[in-house]
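Quick notes on the structure that follows.
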Amino acid sequence: MRAGERYDINDADLIEMRDTTRDLTAIYNQTPRRERGKQRELIEKIFAKVGDNVHIEKAMNIDYGINTYIGNHVFINFNFTLLDCAPVTIGNNVFIGPNVQIYTAHHPLDSETRNQHTGFAEPITISNNVWIGGGSIILPGATIGDGAVIGAGSVVTKDIPENAIAFGNPCKVRKKI
(Lines of atoms letter the chains of each structure in order from A and count residues from 1; the text may use other names and numbers.)
(Lines give C-alpha, C1' and ligand atoms only; values in the text may rest on other atoms or scores of the structure.)
Protein backbone atom coordinates (compact mmCIF):
# COMPACT_ATOMS: atom_id res chain seq x y z
CA MET A 1 0.00 0.00 0.00
CA ARG A 2 2.72 2.48 1.06
CA ALA A 3 4.75 1.59 -2.04
CA GLY A 4 1.91 2.47 -4.42
CA GLU A 5 1.09 -1.12 -5.28
CA ARG A 6 -2.44 -2.44 -5.42
CA TYR A 7 -3.78 -3.74 -2.12
CA ASP A 8 -6.89 -5.31 -0.62
CA ILE A 9 -8.77 -2.51 1.16
CA ASN A 10 -10.48 -5.10 3.38
CA ASP A 11 -7.26 -6.77 4.55
CA ALA A 12 -7.73 -7.64 8.25
CA ASP A 13 -4.48 -5.91 9.31
CA LEU A 14 -5.44 -2.71 7.48
CA ILE A 15 -8.90 -2.73 9.02
CA GLU A 16 -7.34 -3.08 12.48
CA MET A 17 -4.97 -0.16 11.80
CA ARG A 18 -7.84 2.04 10.60
CA ASP A 19 -10.03 1.08 13.55
CA THR A 20 -7.25 1.89 16.03
CA THR A 21 -6.63 5.27 14.42
CA ARG A 22 -10.31 6.12 14.22
CA ASP A 23 -10.79 5.21 17.88
CA LEU A 24 -7.89 7.51 18.87
CA THR A 25 -9.23 10.24 16.59
CA ALA A 26 -12.68 9.97 18.17
CA ILE A 27 -11.10 10.44 21.60
CA TYR A 28 -9.11 13.43 20.31
CA ASN A 29 -12.27 14.98 18.89
CA GLN A 30 -13.98 14.65 22.29
CA THR A 31 -11.06 15.94 24.35
CA PRO A 32 -11.65 19.47 25.71
CA ARG A 33 -9.39 22.11 24.17
CA ARG A 34 -8.00 23.05 27.57
CA GLU A 35 -6.54 19.54 27.89
CA ARG A 36 -3.68 20.34 25.52
CA GLY A 37 -1.33 17.77 27.07
CA LYS A 38 -3.82 14.96 26.44
CA GLN A 39 -4.40 16.23 22.89
CA ARG A 40 -0.64 16.19 22.27
CA GLU A 41 -0.37 12.62 23.58
CA LEU A 42 -3.14 11.53 21.24
CA ILE A 43 -1.71 13.12 18.09
CA GLU A 44 1.66 11.55 18.90
CA LYS A 45 -0.10 8.16 18.96
CA ILE A 46 -2.06 8.86 15.77
CA PHE A 47 0.70 10.19 13.49
CA ALA A 48 4.12 8.75 12.59
CA LYS A 49 5.89 11.98 13.56
CA VAL A 50 4.66 15.24 15.05
CA GLY A 51 6.96 18.25 15.38
CA ASP A 52 6.87 21.03 17.93
CA ASN A 53 4.07 23.57 18.15
CA VAL A 54 1.48 21.58 16.17
CA HIS A 55 -2.14 22.63 16.63
CA ILE A 56 -5.02 20.65 15.14
CA GLU A 57 -8.57 21.91 15.59
CA LYS A 58 -11.46 19.48 15.84
CA ALA A 59 -12.89 17.55 14.20
CA MET A 60 -10.39 15.55 12.27
CA ASN A 61 -10.96 12.35 10.31
CA ILE A 62 -7.87 10.23 9.76
CA ASP A 63 -7.51 6.97 7.82
CA TYR A 64 -4.21 5.52 9.10
CA GLY A 65 -2.15 8.32 10.66
CA ILE A 66 0.96 6.15 10.82
CA ASN A 67 1.84 7.22 7.27
CA THR A 68 1.83 10.95 8.08
CA TYR A 69 4.78 13.08 9.13
CA ILE A 70 4.06 16.58 10.46
CA GLY A 71 6.78 19.20 10.87
CA ASN A 72 7.14 22.07 13.33
CA HIS A 73 4.80 25.07 13.67
CA VAL A 74 1.82 23.56 11.86
CA PHE A 75 -1.75 24.77 12.24
CA ILE A 76 -4.60 22.62 10.91
CA ASN A 77 -8.04 24.22 11.13
CA PHE A 78 -11.49 22.68 11.66
CA ASN A 79 -12.82 19.58 9.86
CA PHE A 80 -9.59 18.12 8.50
CA THR A 81 -9.82 14.87 6.50
CA LEU A 82 -6.74 12.77 5.75
CA LEU A 83 -6.69 9.54 3.74
CA ASP A 84 -3.04 8.58 4.17
CA CYS A 85 -2.77 5.17 2.53
CA ALA A 86 0.58 6.36 1.15
CA PRO A 87 3.03 8.66 2.96
CA VAL A 88 1.96 12.25 3.61
CA THR A 89 4.59 14.80 4.56
CA ILE A 90 3.54 18.16 5.98
CA GLY A 91 6.55 20.46 6.33
CA ASN A 92 7.37 23.24 8.78
CA ASN A 93 5.35 26.44 9.12
CA VAL A 94 2.32 25.09 7.29
CA PHE A 95 -1.15 26.56 7.68
CA ILE A 96 -4.09 24.42 6.58
CA GLY A 97 -7.51 26.07 6.43
CA PRO A 98 -10.85 24.61 7.52
CA ASN A 99 -12.45 21.74 5.62
CA VAL A 100 -9.25 20.73 3.82
CA GLN A 101 -9.10 17.17 2.50
CA ILE A 102 -5.92 15.27 1.63
CA TYR A 103 -6.37 12.05 -0.34
CA THR A 104 -3.54 9.67 -1.22
CA ALA A 105 -6.01 6.89 -2.12
CA HIS A 106 -7.02 5.88 -5.62
CA HIS A 107 -9.69 3.40 -6.63
CA PRO A 108 -9.75 1.55 -9.96
CA LEU A 109 -11.87 3.15 -12.65
CA ASP A 110 -13.32 -0.11 -13.91
CA SER A 111 -16.16 -1.34 -11.73
CA GLU A 112 -15.17 -5.01 -11.75
CA THR A 113 -11.78 -4.32 -10.14
CA ARG A 114 -13.22 -1.63 -7.87
CA ASN A 115 -15.88 -4.08 -6.63
CA GLN A 116 -13.06 -6.40 -5.55
CA HIS A 117 -12.10 -3.67 -3.05
CA THR A 118 -8.70 -3.10 -4.59
CA GLY A 119 -6.98 0.20 -4.01
CA PHE A 120 -3.67 1.92 -4.64
CA ALA A 121 -2.15 5.15 -3.39
CA GLU A 122 0.40 7.87 -4.16
CA PRO A 123 2.26 10.04 -1.64
CA ILE A 124 1.57 13.72 -1.04
CA THR A 125 4.14 16.29 0.03
CA ILE A 126 3.30 19.70 1.42
CA SER A 127 6.62 21.53 1.71
CA ASN A 128 7.65 24.26 4.15
CA ASN A 129 5.95 27.64 4.56
CA VAL A 130 2.81 26.59 2.66
CA TRP A 131 -0.67 28.00 3.18
CA ILE A 132 -3.62 25.92 2.00
CA GLY A 133 -6.91 27.80 1.86
CA GLY A 134 -10.14 26.45 3.31
CA GLY A 135 -12.12 23.86 1.43
CA SER A 136 -9.18 22.75 -0.71
CA ILE A 137 -8.67 19.15 -1.80
CA ILE A 138 -5.20 17.73 -2.39
CA LEU A 139 -5.27 14.66 -4.66
CA PRO A 140 -2.90 11.67 -4.83
CA GLY A 141 0.67 12.25 -5.97
CA ALA A 142 0.72 16.04 -5.59
CA THR A 143 3.67 17.97 -4.21
CA ILE A 144 3.21 21.57 -3.11
CA GLY A 145 6.51 23.47 -3.17
CA ASP A 146 8.06 25.68 -0.49
CA GLY A 147 6.28 28.96 0.10
CA ALA A 148 3.29 28.17 -2.12
CA VAL A 149 -0.20 29.47 -1.41
CA ILE A 150 -3.23 27.41 -2.45
CA GLY A 151 -6.40 29.47 -2.75
CA ALA A 152 -9.59 28.47 -0.96
CA GLY A 153 -11.72 25.85 -2.67
CA SER A 154 -8.93 24.60 -4.93
CA VAL A 155 -8.55 21.05 -6.18
CA VAL A 156 -4.84 20.27 -6.45
CA THR A 157 -4.45 17.59 -9.11
CA LYS A 158 -0.73 18.00 -9.89
CA ASP A 159 2.46 19.50 -8.48
CA ILE A 160 2.54 23.19 -7.57
CA PRO A 161 6.00 24.82 -7.71
CA GLU A 162 7.60 26.76 -4.89
CA ASN A 163 6.60 30.37 -4.25
CA ALA A 164 3.50 30.13 -6.43
CA ILE A 165 0.00 31.42 -5.81
CA ALA A 166 -2.31 28.78 -7.24
CA PHE A 167 -6.06 28.30 -7.15
CA GLY A 168 -9.04 26.87 -8.98
CA ASN A 169 -10.47 23.56 -10.07
CA PRO A 170 -8.17 22.22 -11.27
CA CYS A 171 -5.65 24.25 -9.29
CA LYS A 172 -3.33 26.25 -11.55
CA VAL A 173 -0.46 28.61 -10.89
CA ARG A 174 -1.74 32.19 -11.27
CA LYS A 175 1.44 34.08 -10.29
CA LYS A 176 4.81 33.70 -8.60
CA ILE A 177 5.56 35.32 -5.25
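Just so you know, we're using this note's numbering here: the sequence shown kicks off at 1018 and counts up by one. Note that the Cβ used here is the ideal one computed from N, Cα and C, for glycine as well. For clarity, every value in this text was computed on a predicted model and none was experimentally measured.
{"Asked": "Three-way DSSP call (helix, strand, coil) for M1034 in this model", "Found": "helix"}
{"Asked": "Beta-ladder partner(s) of A1183, from DSSP", "Found": "I1167 and V1190"}
{"Asked": "Residue from W1148, Y1086 and T1142 whose Cα sits closest to the Cα of N1094", "Found": "W1148"}
{"Asked": "Assumed close pair T1121, V1105 - CB separation to whole angstroms, cut-off 8 angstroms", "Found": "6 angstroms"}
{"Asked": "In DSSP terms, what F1092 is bridged to", "Found": "H1072 and F1112"}
{"Asked": "With 16 other Cβ atoms within 10 Å as the buried cut-off, status of P1049", "Found": "exposed"}
{"Asked": "Q1056, DSSP secondary structure in three states", "Found": "helix"}
{"Asked": "Cα-Cα separation between G1152 and I1167, rounded to whole angstroms", "Found": "10 angstroms"}
{"Asked": "Reduced DSSP secondary structure (H/G/I, E/B, other) of N1078", "Found": "strand"}
{"Asked": "Option nearest E1022 by Cα separation, candidates A1169, G1136 and I1194", "Found": "G1136"}
{"Asked": "Per-residue DSSP class, three states only, for D1025", "Found": "strand"}
{"Asked": "Per-residue burial, N1084 [other beta carbons within 10 Å of its own, 16 or more giving buried]", "Found": "buried"}
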